[in-house]
């Protein structure tokens, strides 16, 4: 029953491709790693085009961080006054971005804890628009390429190693893979919290 549901869901995505790409792009504005991985899996299954899924994830995550950068540049951190913990996190990230913006922009999409506040922090830092846009474009492309390709590779391996009778096992492996990705990002967050 579960495998049939996945096949039906993939068929639904296939039938509504344009809407699926639009949803993927919009949702990627939040740097959703799991959705990008699933997009790669769906591309391998033929429900999405690999290049289109990659482009949607790349465009979405790039645009999301541009919007957050603009908000950070325009309003700084004062608008976060009602959320002191979040305000401290953004201010700390802005201080780090002043010194380490290159590596931060390249990796901030992976740890969940800074994924969505980093763009605000970059805007609140001294980082200029041209440098941010160039680094953000590269970082978004790397993130999209890694996430979509990981899902595609998982789909390829599961497709090659499992028969139709084991498709429920394949779905379980996908869920296990997604949970492992979530677990690893949580571990990375804890390490970053200690520093």
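Numbering (UniProt numbering), first residue to last: 1 to 195. We treat Cβ as the ideally placed atom computed from N, Cα and C, and that holds for glycine. Just so you know, these numbers come straight off a predicted model, no measurement behind them.
Here the region 69-78 makes contact with the region 106-120; the two share three or more CB pairs at distances below 8 Å. Taking a C-beta distance under 7 Å as the contact criterion, residue 136 and residue 114 do not qualify as a contact pair.
DSSP places residue 82 outside both helix and strand once states are collapsed to three, so it counts as coil. Under the three-state reduction of DSSP, residue 67 is assigned to helix. The criterion of a C-beta distance shorter than 7 Å is satisfied by residue 151 and residue 38. By the Cβ-count criterion, residue 148 is buried, with 16 or more other Cβ atoms from all chains shown falling within 10 Å of its own Cβ. Per the C-alpha coordinates, the member of 127, 90, 17 positioned closest to residue 102 is 127. Within the same chain, 104, 121, 122, 125, 127 come within 7 Å of residue 97 by CB-CB distance, once the 5 residues on both sides are set aside. A residue is called buried once 16 or more other Cβ atoms fall within 10 Å of its Cβ, and residue 58 is buried on that count. DSSP, reduced to helix, strand and coil, places residue 135 within a helical segment of the structure shown.
Judged by DSSP in its simplified three-state form, residue 46 adopts coil rather than helix or strand. In terms of Cβ geometry, residue 34 and residue 178 form a close pair [threshold 7 Å].
Proximity of the region 83-97 to the region 47-57 falls short of the contact definition, fewer than three beta-carbon pairs being nearer than 8 Å. Residue 112 places its beta carbon 7 Å or farther from that of residue 61. Residue environment: residue 28 is assigned as buried (16 or more neighbouring CB atoms within 10 Å of its CB, all protein chains considered). Annotated three-state conformation of residue 187 is helix, per DSSP.
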